[in-house]
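Undergrad: Before anything else, here's the structure in question.
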Amino acid sequence: MSRAWTAEAFYTQLEEPPALAEHTQHVREFVARQGAEGRKVVLVTSGGTTVPLEKNVVRFLDNFSAGTRGAASAEYFLEAGYAVIFMSRQFSQFPFTRWYSHTTNPLFDLLEEPAEGEERVRVSQDHVKGLLPILHSYHEAKRRGRLLTVPFVTVIEYLFLLKNVSEAMAPLGRHGMHYLAAAVSDFFVPTDKLSEHKIQSDNQSLTLQLEPVPKVLGALVDSWAPDAYVVSFKLETDDKMLIPKAERSLRNYGHHLVIGNLLQRRKYEIVLVEPHDHTWIRLPSPPAAPPHEIERDIVAAIAERHQAWIASV
Ligand code: PAZ
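The opening residue of the sequence shown carries number 241 in my numbering; numbering runs sequentially from there.
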């Protein structure tokens, strides 16, 4: 029989991930520093969560998300003056380094081997112009201490971190924002139902029973960070479902905004769904070249709404 997990049961019955306390402490210190300087802080969640099928994990379920939306958005939030807590799936796309990772533009293709007797590796001249502003923004974010990274892998780690990070951000009040772009599994296998060791095949079929992951957005909005500006994402593949599902999410959890996107068109089209408004953001799609990344427009629109909401008290 599968259980319907409440958020409370989930957090009391499951064991905390090992690095939770350490990450939480880093977030508290970061928030205290940024808060003391009056800076707005955004939590950007990014990438997909895994669902392990064994305690000694050999196999797991995963999803498509590479974390591009989150990593790109984090860069634009930094540019807009926010401090960013980037909570992302380990080894998924990362702000700034994403431009040269995951083989789209491999780093080694930029580098020239030193001439004989030289000890310096150079960036080939054709790439300097493209690399410099990204390198500059990366070092700037690090030097100013504006970017904190928090990694997760499993859906259980994600949910524990989300709670602790949100609670740690509560003192920011309206200056805190949650931008929940991670693709979080809707189903999982609770630890007490996991096989200890690698599941053996023995030429037999495998039946999995997955339990629904508790919906925790309501707890975030009502108790973990009640004054924060909260933006969630809704991904669908059927365009007829997109707006009704986004509206239902707003009604159920009472947060500020849902960003709806379709899997196939997510890089060119999104919709901002608010209680009384839908605003589409559209860019030209291939074969036309989009003039810039859609995350630039998304972040500009969200930052403006966040500021208006801060000013409305
Ligand atoms: O990671 P990515 O850039 O490939 O995709 C981004 C996204 C589609 C995962 C994100 O925009 C999103 O919709 N996240 C929420 C997914 C959901 O739980 O409905």
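Idealized CB from N, CA, C, for every residue including glycine.
At 3 residues or longer, what runs of the beta strand (DSSP E) sit wholly inside the stretch 366 to 447?
TA: If we require 3 residues or more, the beta strand (DSSP E) runs fully inside the stretch 366 to 447 come out as 387 to 392, 416 to 420.
Undergrad: Unbroken beta strand (DSSP E) runs of length 3 or more, entirely within the stretch 435 to 517: which are they?
TA: If we require 3 residues or more, the beta strand (DSSP E) runs fully inside the stretch 435 to 517 come out as 469 to 476, 497 to 502, 509 to 514.
Undergrad: Identify which residue in LYS438, ALA306, ASP467 has its Cα closest to the Cα of VAL298.
TA: Out of LYS438, ALA306, ASP467, LYS438 has the C-alpha closest to the C-alpha of VAL298.
Undergrad: Going by Cα to Cα distance, which pick from ALA548, ILE550, ASN501, ARG414 is closest to ILE534?
TA: When only C-alpha atoms are compared, the closest one is ASN501.
Undergrad: Can you give me the C-alpha to C-alpha distance between SER286 and ASN443, rounded to a whole angstrom?
TA: Taking the straight line joining both Cα atoms gives about 37 Å.
Undergrad: Let me check one thing: in DSSP terms, what residues is THR289 bridge-paired to?
TA: Answer is none; THR289 lacks a bridge partner.
Undergrad: Looking at the secondary structure, which residues open and close the alpha helix (DSSP H) in which SER313 lies?
TA: From DSSP, the alpha helix (DSSP H) with SER313 extends over 308 to 319.
Undergrad: Output the distance between the C-alpha atoms of VAL267 and GLU277, rounded to the nearest integer angstrom.
TA: Cα to Cα, VAL267 sits roughly 15 Å from GLU277.
Undergrad: Short of 7 Å in beta carbon distance, which residues of its chain neighbour HIS263, apart from the five on each side in sequence? Order them along the chain.
TA: Cβ neighbours of HIS263 beyond the five flanking positions: VAL390, LEU401.
Undergrad: Which residues does DSSP list as the beta-bridge partners of ARG362?
TA: Answer is GLU352.
Undergrad: Determine the burial state of ARG329: buried for a count of at least 16 other Cβ atoms within 10 Å of its Cβ, exposed for fewer.
TA: Flag for ARG329 reads buried.
Undergrad: Nearest to ASN492 by CA position, among LYS507, VAL291, GLU514, is which residue?
TA: Looking at the Cα atoms, GLU514 is the closest of the given residues.
Undergrad: Could you have a look at GLU277 and say whether DSSP puts it in helix, strand or coil?
TA: In the structure shown, GLU277 sits in coil (DSSP, three-state: anything other than H, G, I, E or B).
Undergrad: Is there contact here, the stretch 533 to 549 with the stretch 299 to 318, by at least three beta-carbon pairs under 8 Å?
TA: Short answer: they touch.
Undergrad: What's the call for ASN404, buried or exposed, on a 16-neighbour Cβ count within 10 Å?
TA: Counting Cβ neighbours within 10 Å, ASN404 comes out buried, since at least 16 surround it.
Undergrad: Applying the criterion that 16 or more other CB atoms from any shown protein chain within 10 Å of the CB defines a buried residue, is PHE304 buried or exposed?
TA: It counts as exposed.
Undergrad: Using the rule of at least 16 other Cβ atoms within 10 Å of the residue's Cβ for burial, across every protein chain shown, is ARG309 buried or exposed?
TA: Classification for ARG309: buried.
Undergrad: Quick check: the stretch 413 to 422 against the stretch 465 to 473, are there 3 or more CB pairs under 8 Å?
TA: Contact between the stretch 413 to 422 and the stretch 465 to 473 is present, because at least three Cβ pairs lie under 8 Å.
Undergrad: Hey, out of SER406, ASP432, GLY288, whose CA is closest to LEU555's CA?
TA: Here the chain has residues from 241 to 553 only, and residue 555 is not among them.
Undergrad: Measure the beta-carbon distance from VAL281 to ALA323 and round it to whole angstroms, keeping in mind my assumption that it falls under 8 Å.
TA: Confirmed, Cβ separation roughly 5 Å.
Undergrad: Just to confirm my understanding: we take ALA320, look at its own chain, exclude 5 residues before and 5 after, and list those with CB closer than 8 Å. What are they?
TA: Within the same chain, ALA320 has close Cβ partners VAL539, ALA540, ALA543.
Undergrad: On the DSSP letters alone, give me the boundaries of the alpha helix (DSSP H) that VAL324 sits inside.
TA: Premise fails: VAL324 lies in the beta strand (DSSP E), 323 to 329, not in any alpha helix (DSSP H).
Undergrad: Note down, in chain order, each residue of its chain lying with its Cβ closer than 7 Å to the Cβ of ILE374, except the 5 sequence neighbours on either side.
TA: Excluding residues within five positions, the ones whose Cβ falls inside 7 Å are PHE336, TRP339.
Undergrad: Let me know if GLN274 comes out buried or exposed under the rule of 16 or more other beta-carbons within 10 Å of its beta-carbon.
TA: So GLN274 ends up on the buried side.
Undergrad: With DSSP as the reference, identify every bridge partner of GLU269, one or two as the case may be.
TA: Note: GLU269 sits in no beta bridge, so no partner.
Undergrad: Exposed or buried, which one is LYS382 when buried takes at least 16 other CB atoms within 10 Å?
TA: Exposed is the call here.
Undergrad: With 16 as the cutoff for other CB atoms within 10 Å, does PHE428 come out buried or exposed?
TA: Buried.
Undergrad: For GLU610, which residues from the same chain have a beta carbon less than 6 Å from its beta carbon, with the 5 sequence-adjacent residues on both sides left out?
TA: With the chain running from 241 to 553 in the structure shown, residue 610 is simply not present.
Undergrad: State yes or no: is the beta carbon of GLU359 nearer than 9 Å to at least one beta carbon in chain D?
TA: Although the question refers to chain D, the structure presented lacks it and comprises just one protein chain.
Undergrad: If we count the other Cβ atoms within 10 Å of its Cβ and call it buried at 16 or more, is GLN449 buried or exposed?
TA: By the neighbour-count rule (16 or more Cβ atoms within 10 Å), GLN449 is not buried but exposed.
Undergrad: Taking the continuous alpha helix (DSSP H) assigned at VAL539, which residues delimit it?
TA: Residues 534 to 551.
Undergrad: Under 8 Å: does the beta carbon of LYS369 sit that close to some heavy atom of ligand 1?
TA: Flag unset: Cβ of LYS369 not near ligand 1.
Undergrad: Going by the beta-carbon positions, is the gap between VAL284 and PHE334 smaller than 9 Å?
TA: Against a cut-off of 9 Å, the Cβ pair of PHE334 and VAL284 comes out as no contact.
Undergrad: Using a Cβ-Cβ cutoff of less than 7 Å, which residues in the same chain neighbour PRO454 once the five nearest sequence positions on both sides are dropped?
TA: Excluding positions up to five away in sequence, the list reads TRP245, THR246, ALA247, PHE250.
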